[in-house]
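What follows is a set of notes on a single structure, which appears directly below.
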Amino acid sequence: MSFDYTRSVGPLLGQFFTALRDRRIVGVRGSDGRVHVPPAEYDPVTYERLTEIVPVAAVGTVVSWTWQPQPLEGQPLQRPFAWALIKLDGADTPLLHAVDAGESDKISAGTRVHAHWVDEPVGAITDIAYFALGEEAEPEGEPSDKDPVTMLVVPSAIEIQHTASAPESTFLRALQEGKLLGARTGKEGKLYFPPREADPATGRPTTEFVELPDKGTVTTFAIINIPFAGQRIKPPYVAAYVLLDGADIPFLHLVTEIEADQVRMGMRVEAVWKPREEWGLGIDNISHFRPTGEPDAEYDTYKHHL
């Protein structure tokens, strides 16, 4: 899963990021005289807004560090490196960044380092590619005639590796065959879809699987009107909780083939499956739900499943 995290940086951090774009580093002075790098927007002592920008050096001293023997994708370096807290000359608080030390025995508390800049700074902390050993600073850039930095866009991504439990495995294998399986603790237990390992109300393990139809009732829903990066469907569209017939808990899916403002609580819907050759181990084997044309369900039939 990935998306672009976008935020406005405000007047103080804007000066910090604008300086980075010019290959310079600045901090902010607090009420007690300390210079904070990166700048703190509010004074940690008085909680007042801080405004006094102070230039600091791009050279500093390692305060503490830890070794990263196997870099991860997206980290500053793709070879072993150190994460270090670095107190820049002229600053009173340390900055966290990567240090390209080559080997772990080449860095220690007290090691002098300097910022190594990327070739084309854009106004982000990543304009400092990493810190290198030695205290000879690289040349600062010339002041830019570009507008000050006001927005920051940070690509964010997460990869999840999930080990399926026994009930989940049964559920997913059934989906691969076009079947919807719920689970319960026995004939008197509530039927959960997707299955859970235990009934939350009793703590008893779910042991009985029940095949459910691919029809159900919309209990609650949301109309998504706002576009965002990576969106697969053009707004407006509807994400709804669908209570499958026979189930005791609804699950979230898309409802389409109807105008978004026509979707309603109690509406009867049916699954639209993808072509068989596209089925895998996932609920996305169902492309979406669409109205069946049946009369809406009475509220009393689903009011306990909202």
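Just so we're aligned, residue 13 is where the sequence shown starts under the numbering used here, counting upward by one.
All C-beta atoms, glycine included, are put in the ideal place defined by N, C-alpha and C.
Through-space distance from residue j to residue i, alpha-carbon basis
| i | j | result |
| --- | --- | --- |
| Ala127 | Thr30 | 16 Å |
| Ile105 | Gly26 | The sequence as given places Thr at residue 105; Ile does not occur at that position. For Thr105 and Gly26, the distance between alpha carbons rounds to 19 Å. |
| Ile295 | Leu266 | 11 Å |
| Arg196 | Lys118 | 59 Å |
| Pro303 | Ala272 | 12 Å |
| Ser156 | Pro133 | 11 Å |
| Gly45 | Asp211 | 58 Å |
| Ile37 | Pro151 | 12 Å |
| Arg276 | Thr219 | 34 Å |
| His109 | Glu154 | 24 Å |
| Ile137 | Val125 | 17 Å |
| Arg19 | Leu264 | 29 Å |
| Asp16 | Asp131 | 23 Å |
| Glu269 | Phe28 | 49 Å |
| Pro92 | Gly86 | 13 Å |
| Phe301 | Ala283 | 4 Å |
| Gly22 | Val111 | 29 Å |
| Gly114 | Gln243 | 41 Å |
| Ala176 | Gln90 | 31 Å |
| Pro88 | Tyr314 | 52 Å |
| Thr123 | Val57 | 30 Å |
| Ala149 | Leu62 | 28 Å |
| Gly190 | His174 | 22 Å |
| Lys199 | Arg216 | 13 Å |
Sequence-distant residues of its chain with Cβ nearer than 7 Å to residue i (five each side left out)
| i | result |
| --- | --- |
| Gly319 | Since the first residue shown for the chain is 13 and the last is 318, residue 319 is missing from the structure and cannot be characterised. |
| Pro262 | Thr231, Tyr253, Val254, Leu255, His317 |
| Asp101 | Val68, Ala69, Val71, Gly72 |
| Ala251 | Phe233, Ala234, Ile236, Leu264, Leu266 |
| Ala259 | Gly194, Leu203, Phe205, Leu224 |
| Glu64 | Val40, Arg41 |
Delimiting residues of the alpha helix (DSSP H) encompassing residue i
| i | result |
| --- | --- |
| Arg185 | 178-188 |
| Ala31 | 22-33 |
Residues near residue i in its chain [Cβ-Cβ closer than 8 Å; skip 5 each side]
| i | result |
| --- | --- |
| Pro247 | Ile236, Asn237, Ile238, Pro239 |
| Arg185 | Leu293 |
| Glu60 | Ser43, Tyr54 |
| Met13 | Ala169, Ile170, Glu171, Ile172 |
| Thr214 | Thr197, Gly201 |
| Ile298 | Asp226, His265, Ala283, Val284, Trp285, Lys286 |
Under 8 Å between C-beta atoms of residue i and residue j
| i | j | result |
| --- | --- | --- |
| Trp285 | Gln188 | no |
| Leu107 | Ile98 | yes |
| Gln80 | Ala94 | yes |
| Gly278 | Tyr249 | no |
| Asp159 | Leu32 | no |
| Asp308 | Arg280 | yes |
| Leu164 | Thr182 | no |
| Glu209 | Pro179 | yes |
| Arg35 | Trp129 | yes |
Continuous beta strand (DSSP E) stretch holding residue i: start and end
| i | result |
| --- | --- |
| Val38 | 37-41 |
| Ala96 | 93-100 |
| Gly258 | Gly258 -> no beta strand (DSSP E), and no H or E assigned at all. |
| Gln80 | 71-80 |
| Ala142 | One detail in the question is off: residue 142 reads as Tyr in this sequence, not Ala. From DSSP, the beta strand (DSSP E) with Tyr142 extends over 140-145. |
| Pro167 | 163-169 |
| Glu220 | 220-224 |
| Leu193 | 192-196 |
Close-in-space but distant-in-sequence residues of the same chain around residue i (CB under 6 Å, 5 per side omitted)
| i | result |
| --- | --- |
| Leu24 | Pro51, Glu53 |
| Trp77 | Ala94, Ala96, Ile119 |
| Val161 | Gly26, Phe29, Thr30, Gly135 |
| Val166 | Tyr17 |
| Glu306 | Arg280 |
| Ser328 | It is not possible to answer for residue 328, since the shown part of the chain is limited to 13 through 318. |
| Ile245 | none |
Closer than 8 Å to chain C by CB, residue i
| i | result |
| --- | --- |
| Ala96 | Note that chain C does not occur in the displayed structure, where there is just one protein chain. |
TODO: Inspect the CB distances between the stretch 254-262 and the stretch 216-234 and report whether three or more fall short of 8 Å.
DONE: yes
Task: Inter-stretch contact at 8 Å, needing at least 3 Cβ pairs: the stretch 187-206 / the stretch 216-224 - done: yes
- [ ] Evaluate contact between the stretch 70-83 and the stretch 142-159, counting only Cβ atoms and requiring at least three cross-stretch pairs below 8 Å.
- [x] Under the Cβ criterion (8 Å, minimum of three pairs), the stretch 70-83 counts as touching the stretch 142-159.
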